[in-house]
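> Per full-length UniProt numbering, numbering through the sequence shown is continuous, rising by one, with the last residue being 237.
Ideal Cβ positions, reconstructed from N, Cα and C, are used throughout, including at glycine.
Nothing here was measured: the structure is a model prediction, and the numbers come from that model.
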Amino acid sequence: MEFGGGIRAVANVQLVAAAGQILSLVGPSGCGKTTLLRLMAGLESPTDGRVVLEPPTAGKLGQIAFVFQQPSLLPWRTAVENVALPLELISRGNRHERKDAAMEMLTRVGLSDALDRYPHQLSGGMKMRVSIARALVTGPSILLLDEPFAALDDMLRTQLGEMLLQLWDDQRFTAVMVTHNIGESIFLSHRIAVMRSGQVKTVVDNPLPFPRTDSVRSTAQFGRFYGVVSATLRGEA
Ligand SMILES: Nc1ncnc2c1ncn2[C@@H]1O[C@H](COP(=O)(O)OP(=O)(O)OP(=O)(O)O)[C@@H](O)[C@H]1O
1 MEFGGGIRAV ANVQLVAAAG QILSLVGPSG CGKTTLLRLM AGLESPTDGR
51 VVLEPPTAGK LGQIAFVFQQ PSLLPWRTAV ENVALPLELI SRGNRHERKD
101 AAMEMLTRVG LSDALDRYPH QLSGGMKMRV SIARALVTGP SILLLDEPFA
151 ALDDMLRTQL GEMLLQLWDD QRFTAVMVTH NIGESIFLSH RIAVMRSGQV
201 KTVVDNPLPF PRTDSVRSTA QFGRFYGVVS ATLRGEA
């Protein structure tokens, strides 16, 4: 993928996101993580090469969802109205059905008490919950997340990570998530793709079993794997 001015953001990448699993992309700033994610989403077109979605229906409306670092909610819509928006855009259901689906999704992300609040009445963590509910309301088979929790404090980050795992357990979507945070990549994913200078240097399988709760972070296995991923990031492994 080459941008104007000859900037080569991503090159020679061969990466498979296994169906029903969570894959993390980690790497130093500017190594091409976001570009690769945007290529997968179809938000950028590759200068060369291709992105293959399996099954092909994964490319259908409502089947790929993207969560950005900023929740980017519409300020004039309530939480329910924001979450119902993707259903409106793909003309699914009538007004009542869309509202019911949005309410159910918001309940699943722990916001049953905030359905009718506007974005300015929500905390940063609540806005991200709405953003994730909006992404998942169509029941996508692929969820792409770009540093979704980067702006949140550690405690919220952990809570939302656990929530994401719970949602994955319920919906079993295929997820690809960009993160700077090694601990988060280990906690949340099945496999971790380590990127440097626009290339995927290696993909490591995460040995930690599911289901995972926060307590897994204090296990020796977690610590050992953290060391492996860090060394890989530094180019030592
Ligand atoms: N729209 C664009 N136009 C020109 N260059 C771009 C564009 N988007 C990204 N780049 C360049 O491509 C390279 C990879 O950027 P990208 O945002 O994918 O990296 P990243 O790993 O996600 O970085 P960060 O972790 O800082 O978000 C960088 O050199 C960046 O400056």
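If we require 3 or more residues per run, which beta strand (DSSP E) segments fall completely within the region 62-94?
Whole beta strand (DSSP E) segments, 3+ residues: 64-67.
> Quick check: does the Cβ of V200 come within less than 8 Å of any heavy atom belonging to ligand 1?
Here residue 200 refers to the residue found at position 200 of the sequence shown. Not so, every heavy atom of ligand 1 lies at least 8 Å from the Cβ.
> Taking Cβ to Cβ, would you say D146 is nearer than 9 Å to L53?
Within the sequence shown, residue 146 is the residue found at index 146, counting from 1. Within the sequence shown, residue 53 is the residue found at index 53, counting from 1. Their beta carbons are not under 9 Å apart, which means D146 does not touch L53 by this criterion.
> Skipping 5 residues on each side, what residues in its chain have a beta carbon closer than 8 Å to that of D205?
Walking along the sequence shown from the start, residue 205 turns up at place 205. Within the same chain, D205 has close Cβ partners H190, R191.
> Quick one: using the 10 Å Cβ neighbour count with 16 as the cut-off for buried, is residue 264 buried or exposed?
Look at the range of the chain in this structure, 1 to 237, and you will see that residue 264 is not part of it.
> When we look at the beta-carbon of A220 and count the other beta-carbons within 10 Å, is it buried (16 or more) or exposed?
As a working note, residue 220 is residue 220 in the sequence shown. So A220 counts as exposed.
> In the DSSP assignment, what are the bridge partners of A175?
In the sequence shown, counting from the first residue as 1, residue 175 sits at position 175. I22, L143, per the DSSP bridge assignment.
> According to DSSP, is T107 part of a helix, a strand, or is it coil?
Your numbering for residue 107 matches position 107 in the sequence shown. T107: helix per DSSP, three-state reduction.
> Check for me: the beta strand (DSSP E) holding residue 267 runs from which residue to which?
This structure cannot settle anything about residue 267, because the visible part of the chain is limited to 1 through 237.
> Examine the Cβ distances between the region 162-182 and the region 29-45 and report whether three or more of them are shorter than 8 Å.
Yes, since at least three Cβ pairs between the region 162-182 and the region 29-45 fall closer than 8 Å, the two stretches touch.
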